[in-house]
Each structure stands twice: as structure tokens, then as C-alpha cells.
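Those sequence lines, one after another, are chains A and B.
The first sequence begins at 57 in the working numbering and counts up one residue at a time.
The second sequence begins at 73 in the working numbering and counts up one residue at a time.
Heads up, the beta-carbon is just placed ideally off N, CA and C, and yes, glycines get one too.
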Amino acid sequence: MIKLINLTKTFRGLRAVDGINLEVKEGVCFGFLGPNGAGKTTTIKMMAGVLKPTEGRIIINGSDLAKDPSAAKRCVGFIPDRPFLYEKLSGLEFLHFIAGLYGVDNLPSLGRRISELLELFELSHWQEELIESYSHGMKQRLVMCSALIHRPKALIVDEPMVGLDPKAARLVKDIFREQASQGTTVFMSTHSLEMAEEVCEEIAIIQAGQIIAKGTGEELRHQAGSDGNLEHIFLRLTEGKGLAHERPLSSH
Amino acid sequence: MRDLYLLIRPRFLGFRNQLVLSEGRTRKRAFFMGGLGLAFCVFMFVLCSRVLVYFQSVDVIGDFLARYLLSMILLTFFSLLIFSHIITALSNLYLSKDLELCHSTPVSIEELFVSRALSTLMDGSWMLIIFGVPIFLAYAYVFAPGPGFYIALLHMNIAMVIIAAGIGILVTMILVHIFPAQRTRDIILLLSIFMVVALYIMFRFLRPERLVNPEAFFSVLQYVSALKVTDSPYLPTHWIAETLWGSLTESQGAVHLFEILLTWTTAGAIVVINVWAARAIYFEGFSKSQEAKKRLMGGKQVLDFFIRFVTRPFGGDLTGVIAKDIRTFFRDNTQWSQLLLLAALVVVYVYNFSVLPLDKSPVRLDFLQDGVAFLNMGLAGFVLTAVCTRFVFTAVSAEGEAYWIIRSSPLGFRRYLWGKYLFFLLPMLILGEVLIIVTNYFLDVTGFMMFLSSVTMFLMVSGIVALGIGLGAVYPNFRHQNIAQVSTGFGGVLYMIVSSLFIAIVIVLEAWPGYILFMSNVSGNPVTTYEWLFIIVSFLAALAVNAFAVVKPMRMGGRALQEYE
């Protein structure tokens, strides 16, 4: 479903993402871990079509993102880490706007779909309010509604738990698992090792722009030579390098 | 004091880093904008000098006029400074993103307030330097005063800025104490726009051009005596005007000590009052400004009906984008209220043509009418450029930080840009044609000229709008605090220059063949084959320039958005 081939991004001579090769199959929940400044958000942004790669290709559902961006993007639902939205629209208007962009605004079932999603993310009561009056968590839940509105084949998620309360976080984990069971590929970057361990079937660890380990939890344990939990494996593989290795990438 | 220094420091560090770390392109932009600013200063200096020299040539009332012009300028500056400080104080004291951090530190509220007040003072008064310095230097150039004038100019202006900033900040603190900060910003902006519109229309309808008409001197004297009403001995601007005028015209050593003391004690008092007020109400106001705002969405049904009507010709994806743009525009008080400014601009433009004294001109009337009609095409084009700089050039940047939604959606960049283009084209065409047809009606031009002007305007608007959308996409700013700021940035200025050049080229290409046809009509001599060839080539060239102005910037814009990171 998602294929990254020699994906590279350079910012003023610095290789933020350095020749990544990855393949994620249909219906898999894939965790993308790494210390701060490792290149997670840059990779995610390139996959969502928000950043242009310096080198390499991104194939989503068989469409090359560079050659046929519309076809590739139509299959994707993107959830960024910071939910910048159109503050002067109401939640409902925003969802109709997104439905239009993804060409599902004429579906007779759209109204029902929107109601279901608003109900699911507990936003029904606020749907007529302007987004400017929403809290950070509500905005994040609204973005999730919008990412699911066109029933994407791949969900690309950057730090899904930022700003969510424990109840909403539980809901999001359940939704990701459910989406994956229905055949949607979920590709998410996260700092939460607990979340990755609980939700993801496969995990890749990125450091200094390169994939240093990849596989199921069991395979990672084997690669790290550790029997511990994911936190232990992560620290072992990255040699505890977090902030010490952080580099300023760009203004993004 | 150490905390105050620490609080102000990041601003200077940021400024220094911007200068030191900026890349070649940013520096070039800074030089370009600096050059434009300097050119504007020179223009103001020359204009003001010429007015003052003219006043000096007028017997009896020359000095009187110069003295009252100085009073008017100071009064205008003072009022503008107060308004400007009210607006900047709102951002600096209540809405700035770093305030949460500052308020969470153990810094005293007084020091925090003073640091923010100093930032407000700097942000709100730079305008005085750009506009004021060339005007005051023009006074110095014409009256050749001693060094006392320059000293007085410096310290009295500093005092004026402190007083205006103090009043502005105090008014803001009181308003935010009563209303939430967000609502206060809207109220103030709306009031400012109403005030500017009213002043602009009132000033125009006073017909100040009569000031240069010797036949109207009787009415000028009435006019000037009416102006005297605006000056009051209780106003700081009166004390400053007295001091400056004294050092300009009186003998050396004539120091207006009383006025200087009045000004500076007022400035000192206003600073003390502000600190007292801040201690009492600033934090409470800041706390209120953090509360979430809940707004009513008035006129939703009307807006929905309008959107359904406007978006009918567009596809689902573009309908969404256009509907979103319309809703955002009409729900943001700072946006739709600028339509009032636009309406005032159009009214005054049309009014100017209705009072043109063409019959008093020594030039043949029909010749003059057609000449002015060509000039009118250019002027209407410039008016449209100004309007497009604010509304069309900013269309792409208006997505703001939510641009990731468009970028990650399957909507193609070219389709997105052409959608925006078509959306703006119709209202701009209506505006352009109304301007040109109504003013040509007042000019009573020939049928041929009316036809040529209408067609030219139709084509020019297509180019002006495409340039706005295209260059807006080449120079987007998605991280703006206020969309109006985007139009005054580098891209906005460049758009105005390029669009003005485009208009000038089209007018030049049409003016000469227009003249040949007009002369042939007047003299009764038929147009020669060679002249016909020249006319056809000229009109075709104008058409080609228009087509180029539509296609090229749109392509550049599409490519730039694709490359944008």
C-alpha cells in the first residue's frame, strides 16, 4: 500500500531524511519511532504531499505521489501534529469543505457519514460552533474526522496523541485498530512507546534520517538482542540518544 | 530593571539575528523595500517643499497657511499615533503568543507592562519617521532655521510619541477591562475603518483643490479660519506647534519654555498614570483575553444562499474552497469592513470626474475628453490594482497555516489557482466596468472611446487579477498574523509595480492608434493603409500583452506552489 524508495530530504545541505526504503502492506498498523529531530515529521510530511522530496519516490496504492499526486492523495487521510484549521468555519462546514476537496461531497451517504464521525469523536454538540472556539483536543478530533471522511486506504498520522485526554486517546487507539482490521493501512509517527507497542503490528526506528531497525516487536527484540519491552529496545537501538542528537532541521 | 532588560532583549536579539543570519534574497528584499521607503521620503520632501514655497509666495496669508498646515499635520499625526498605539497595544499587551510564557515567569507585572509598552511605542511610532521626517525637513529647507529647531523637533516629537502611546495604551487597557480582548480588537478596527472612510469622504467633499485657485481666496480664508477651530491651547499638538513654529521663524534664543515644560510634564504624568493603571487592571484584562471566544453566526441563511448562487458554475472541490473563502471573509470583521474603504474609494473616484472643470480648459473640449478618457483607463487600472493588492494578491496567503489541508488534498495546484482566479474575476470586472463607464459618462466621451475603454478595461482586469493570483502564489505568506499585512510585504509591492507597468504598456499601445483615429475623425482625412497597419499591429500587441499577463503569472504561481516548502 505504501512504498518509500530511497526517500531523501536535504535542508541546506543537511540530510534530514537519508535514503529511506520502506514498504507497508495493506491493513497494517505501522509505527514510526525515533528520537527528537530524527526525521519522523519530515518523512510524514513528504508522504502527505506537503513537502517535496529531494530524491526518491513515494508510491501510495500504486500511484506515484510525484507523477500522479491527485490519485495518490485521494487514497490518503492525513492527520498532522498541529491542527491548524480554518477558524472561521463551523465544524460541520469544515467537514463539508473537506468532503468537497476529496470528491465525496455528492455521495448521498455523506450526511450520515459526517453524523457518524461527529458522534464517534463526541463533537456532535459542537458542530455548529466556529472552530476558533474549539480547544486543542477538539481541533485534533475534528482533524481525525476529516481524515476519515472519504474512507481513505491509508491513514498517515503524525503524533496522534498530542492534546488528547485519556478517554479520547483510548478512542483513537481503538479506531486505528479497527481501521487496520478493515484493510486501511495506518502509518503513524509517535513518541509514545506504549502506544506503538499496543497498536502497531510493525515498527520502524529512524535515527539521523536513516532506518536503523524494522520489523515486528519480536524481530526488534532480536535485532536489539534484548528481551525487554519496547522502551528498552528503543533505548538500546538508539543508544539513549535523544536530545543530544537533535539537530535543527528547518523552520518546519 | 534587570527583568525589564531581559524582557526587551529577545526583540533586539531577533532583530539582530534577522540582519546577521538573513540570506542574500532576504537582504535584497530589505534593500528593495528600504529603497522604496527612501523614494517615498524624497517624494514627500519635494511635495511639501513645493507647497511651502508656494505658500511663501502668497502675500499676507502665506505664513498663516504654513503655520496652520504645521498644526494640521501635528494634529493628524497625533490622532493617527493614538489609533496606531491602541491597535499595537492590543497585540503587544494581550494577544501576543509569547505572553503566556512571560506571565508565567516571576517577573513583576509593572516590568512586564513597561517592556510591552516600550515594544508598543516602537511598533506604533515608526510611521512618524517615514511620514514625518521629510515633512519637517521640508519646513527646515524652506524657513532655514537655526540648530534650535532640530533640537526642538527631536525632543518635542519624542514627547508627542510618549503622550500618544500613553493615551493609546491606557484606552486599550480600559477597553479590554470592559470587553474581551478579541472583541475589543474587532470593535476598534471597525471604528477605525468607519472613521477613515468618513474623514476621507468629508475631506474630498470639502474640495481642497480650491486652495490653489486664486479666485477662491475669499473662501480659502473662511476655510482656514474654520481650521482654527481644530486647534486648542489644551492640546499637546498646540504646544508642540507653538515651539516648532517659534524655533522656525523667531530669532535665536526664543525658547518656548512654558510649552516645552507643559509637553514633557504631560508625557511624564501619562507614563506614571499608565503604570498605576497597569498595576490595577492589566493582569485582569490579560486573564480575560485568554478565555475562549464564542461567537454568534449571524446571517447564516443569507450567506448560504449567496454561496449556493456564486459557486454554481464550479465543481465540488472548488465549491468547497470558494464557500470557505466567502464564509471566512464575511465572518471576520477585519476583512469585510474593508469593503467600506473600497466603496469610499469608488465614490470619491467617480466624484472627482463629476467636478472636473473641463469647460474652463483652453484645449479643445473633444480632444481633452478623449485624452482624459485614456488617462482614466490608466487611473481606473491603478485603482483596481490597489483593490486587487488587498483582496486578490492575498487570496492564496489567506489559507494561512491551514494551507496543509489544500496541499495534502487531491486538488491540483493549477485547478486551485484557476478557481480562485475565476472567483475574483467577475466582481473585479463589474467594478472596473462601472468605474470606466460612469466616469466616461461624466466626461461625455465619444461612442468609439466608450467602446474602446470598456473593451480595454475588460482585458486589463483579466490581466490584473491573474497577476494578483499568480504573484500571490509566487510570494505567499502563510504565517501572517493579519492578512492585510501580506499586501504590504515585498510580494505585494512587487505586484503593484508589475501591474502598473502592465497597465502603462497597454495604455501606450492603444493611445497612439486611438489618436490617429481621433485626428482622422476631426480633420475628415481618411486613415492611410500604413496607418491602418500600424493601428492593427498596435491593438494586436495590446491583446498579446494581455494574454501574456494572464497565462504567465498563473503558470508561475502553479509552479511556485508545487515547489513551496
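How is Arg292 (chain A) classed by DSSP in three states: helix, strand or coil? For the purposes of this step, residue 292 (chain A) is taken as the residue at position 236 of the first sequence. Residue state for Arg292 (chain A) is assigned as helix, using DSSP reduced to three classes.
Considering only their Cβ atoms, is the gap separating Asp195 (chain B) from Thr244 (chain B) smaller than 9 Å? By 1-based counting over the second sequence, the position of residue 244 (chain B) is 172. By 1-based counting over the second sequence, the position of residue 195 (chain B) is 123. Not a contact, by the Cβ cut-off of 9 Å.
What span of residues does the beta strand (DSSP E) with Arg113 (chain A) cover, start to end? One-based indexing of the first sequence puts residue 113 (chain A) at position 57. That run of the beta strand (DSSP E) goes 111 to 116.
To which residues of the same chain is Ser469 (chain B) closer than 8 Å at the C-beta, ignoring the five residues directly before and after it? Taking the first residue of the second sequence as position 1, residue 469 (chain B) is located at position 397. Closer than 8 Å at Cβ, skipping near neighbours: Gly544, Pro548, Asn549, Phe550, His552, Ile555, Val558.
Flag Gly93 (chain A) as yes if its beta-carbon sits less than 9 Å from any beta-carbon of chain B, otherwise no. Reading the first sequence from its first residue, position 37 is the one you call residue 93 (chain A). It does not; no Cβ of chain B falls within 9 Å.
Can the beta-carbon of Trp317 (chain B) be found less than 9 Å from the beta-carbon of Leu142 (chain B)? Within the second sequence, residue 317 (chain B) is the residue found at index 245, counting from 1. Within the second sequence, residue 142 (chain B) is the residue found at index 70, counting from 1. Their beta carbons are under 9 Å apart, which means Trp317 (chain B) touches Leu142 (chain B) by this criterion.
Quick one: list the residues of chain B neighbouring Pro136 (chain A), beta-carbon separation under 7 Å, in chain order. What you label residue 136 (chain A) is simply residue 80 of the first sequence in a count that begins at 1. Per Cβ cutoff of 7 Å: Trp476.
So, for Ser426 (chain B): in the same chain, excluding its five sequence neighbours on each side, which residues have a beta-carbon less than 6 Å away from its beta-carbon? Residue mapping note: residue 426 (chain B) aligns to position 354 of the second sequence, counting from 1. Once the five neighbours on either side are set aside, the close Cβ partners of Ser426 (chain B) are Phe514.
What residues of chain B sit near Val106 (chain A), judged by a beta carbon separation below 8 Å? As a first step, residue 106 (chain A) must be located in the first sequence, where it is residue number 50. Neighbours of Val106 (chain A) on chain B, chain order: Trp476, Arg479, Ser480.
So if I threshold CB-CB distances at 7 Å, which residues from the segment 482 to 497 of chain B count as touching chain A? Pro482, Leu483, Gly484
Alpha-carbon spacing of Phe153 (chain A) relative to Ile478 (chain B), whole angstroms: The count along the first sequence starts at 1 and reaches residue 153 (chain A) at position 97. The count along the second sequence starts at 1 and reaches residue 478 (chain B) at position 406. If you take the alpha carbons of Phe153 (chain A) and Ile478 (chain B), they lie about 11 Å apart.
Is Asp120 (chain A) helix, strand or coil when you go by DSSP? Within the first sequence, the letter at position 64 stands for residue 120 (chain A). DSSP places Asp120 (chain A) in strand when its eight states are reduced to three.
For Phe243 (chain A) and Gly156 (chain A), I'd like the C-alpha separation in whole angstroms. Residue numbering aside, residue 243 (chain A) sits at position 187 when the first sequence is read from its first letter. Residue numbering aside, residue 156 (chain A) sits at position 100 when the first sequence is read from its first letter. Near 24 Å, if we compare the C-alpha coordinates of Gly156 (chain A) and Phe243 (chain A).
Where does Gly392 (chain B) sit, in a helix, a strand or coil, going by DSSP? Along the second sequence, read from residue 1 onward, the residue named residue 392 (chain B) stands at position 320. In the structure shown, Gly392 (chain B) sits in a helix (DSSP, three-state: H, G or I).
Do you know whose CA, among A:Val80, A:Thr97, A:Gln183, A:Lys81, lies nearest Gln263 (chain A)'s CA? Your numbering for residue 263 (chain A) matches position 207 in the first sequence. Among A:Val80, A:Thr97, A:Gln183, A:Lys81, the Cα nearest to that of Gln263 (chain A) belongs to A:Thr97.
Taking its Cβ as the centre, do 16 or more other Cβ atoms sit within 10 Å of Gly90 (chain A), making it buried, or is it exposed? Position 34 of the first sequence, counted from the start, is the residue given in the question as residue 90 (chain A). It counts as buried.
Integer-rounded CB distance, given that Ile259 (chain A) should sit under 8 Å from Gly87 (chain A): Taking the first sequence and counting its residues from 1, one reaches residue 87 (chain A) at position 31. Taking the first sequence and counting its residues from 1, one reaches residue 259 (chain A) at position 203. Yes, Gly87 (chain A) and Ile259 (chain A) are in contact; Cβ-Cβ is about 4 Å, under 8 Å.
Does the beta-carbon of Pro222 (chain A) have 16 or more other beta-carbons within 10 angstroms, so that it is buried, or is it exposed? Counting from one through the first sequence, the residue named residue 222 (chain A) turns up at place 166. If you draw a 10 Å sphere on the C-beta of Pro222 (chain A), you find fewer than 16 other C-beta atoms in it, and that means exposed.
Between Val129 (chain A) and Gly105 (chain A), how many whole angstroms is the CB-CB distance? I'm expecting something under 8 Å. Residue 129 (chain A) sits at position 73 when you count from the first residue of the first sequence. Residue 105 (chain A) sits at position 49 when you count from the first residue of the first sequence. The displayed chain sequence assigns Lys, not Val, to residue 129 (chain A). Their Cβ separation, rounded to whole angstroms, is 5 Å, which keeps Lys129 (chain A) and Gly105 (chain A) in contact under 8 Å.
Assigned secondary structure, Val301 (chain B) (DSSP; H/G/I helix, E/B strand, else coil): Position 229 of the second sequence, counted from the first residue, corresponds to residue 301 (chain B). Residue confidence for Val301 (chain B) is low, a pLDDT of 49 falling below 50, so the modelled location carries little weight and cannot support an answer.
Measuring only between beta-carbons, confirm whether Thr391 (chain B) sits less than 9 Å from chain A. Locating residue 391 (chain B) in the second sequence gives position 319, counting from the first residue. True, the Cβ-Cβ gap to chain A drops below 9 Å.
Bridge partners - Ala339 (chain B), DSSP secondary structure assignment: As a working note, residue 339 (chain B) is residue 267 in the second sequence. Answer is none; Ala339 (chain B) lacks a bridge partner.
What does the alpha-carbon distance come out to for the pair His308 (chain A) and Val125 (chain B)? As a first step, residue 308 (chain A) must be located in the first sequence, where it is residue number 252. As a first step, residue 125 (chain B) must be located in the second sequence, where it is residue number 53. Summary for His308 (chain A): the model assigns pLDDT 38, below 50, so the residue's position carries little reliability; its value from the coordinates is reported in the next sentence. The straight-line gap from Cα to Cα measures roughly 55 Å.
Helix, strand or coil for Thr466 (chain B) per DSSP? For the purposes of this step, residue 466 (chain B) is taken as the residue at position 394 of the second sequence. Looking at Thr466 (chain B) - three-state DSSP - the assignment turns out to be coil, as it is neither helix nor strand.
Three or more C-beta pairs under 8 Å: does that hold for the segment 63 to 77 of chain A against the segment 122 to 142 of chain A? no
Could you spell out the range, first to last residue, of the beta strand (DSSP E) harbouring Gln263 (chain A)? Along the first sequence, read from residue 1 onward, the residue named residue 263 (chain A) stands at position 207. Residues 258 to 263.
May I ask you to verify whether the segment 490 to 501 of chain B touches the segment 520 to 528 of chain B, counting CB pairs closer than 8 Å and requiring at least 3? no
If you reduce the DSSP assignment to three classes, tell me which class Gly563 (chain B) lands in. Here residue 563 (chain B) refers to the residue found at position 491 when the second sequence is read from its first residue. Here Gly563 (chain B) sits in helix by DSSP.
Classify Ile569 (chain B): buried if its beta carbon has 16 or more other beta carbons within 10 angstroms, exposed otherwise. The residue labelled residue 569 (chain B) in the question sits at position 497 within the second sequence. With fewer than 16 Cβ atoms within 10 Å of its Cβ, Ile569 (chain B) is classed as exposed.
Restricting to Cα atoms, I'd like to know which of B:Ile239, B:Gln410, B:Phe117 is closest to Leu263 (chain B). Position 191 of the second sequence holds residue 263 (chain B). Out of B:Ile239, B:Gln410, B:Phe117, B:Gln410 has the C-alpha closest to the C-alpha of Leu263 (chain B).
Can the beta-carbon of Leu414 (chain B) be found less than 9 Å from the beta-carbon of Gly629 (chain B)? Residue mapping note: residue 414 (chain B) aligns to position 342 of the second sequence, counting from 1. Residue mapping note: residue 629 (chain B) aligns to position 557 of the second sequence, counting from 1. Their beta carbons are not under 9 Å apart, which means Leu414 (chain B) does not touch Gly629 (chain B) by this criterion.
Enumerated in chain order, which unbroken segments of the beta strand (DSSP E) with a length of 3 residues or greater are wholly contained in the segment 195 to 276 of chain A? Whole beta strand (DSSP E) segments, 3+ residues: 210 to 214, 241 to 245, 258 to 263, 266 to 271.
Taking just the CA atoms, how far does Asp131 (chain B) sit from Thr157 (chain B)? Sequence index remark: in the second sequence, residue 157 (chain B) carries index 85 (1-based). Sequence index remark: in the second sequence, residue 131 (chain B) carries index 59 (1-based). The amino acid occupying residue 157 (chain B) in the given sequence is His; Thr does not appear at that position. Answer to the nearest angstrom: the Cα atoms are 40 Å apart.
Suppose the cutoff is 8 Å on Cβ atoms and the five residues either side in sequence are ignored; what does the same chain contact list for Met105 (chain B) look like? On the second sequence, position 33 is the one that residue 105 (chain B) refers to. Taken in chain order, the residues that qualify are Phe562, Val565.
Answer with buried or exposed for Val301 (chain B), where buried requires no fewer than 16 other C-beta atoms within 10 angstroms of its C-beta. On the second sequence, position 229 is the one that residue 301 (chain B) refers to. For Val301 (chain B), the predicted structure reports a pLDDT of 49, less than 50, and the residue's modelled location is therefore unreliable. A value from the coordinates is still provided. By the Cβ neighbour-count rule, Val301 (chain B) is exposed, with fewer than 16 other Cβ atoms within 10 Å of its own.
Mind the definition here: the segment 472 to 487 of chain B touches the segment 621 to 635 of chain B only if three or more C-beta pairs lie below 8 Å; say whether that holds. yes
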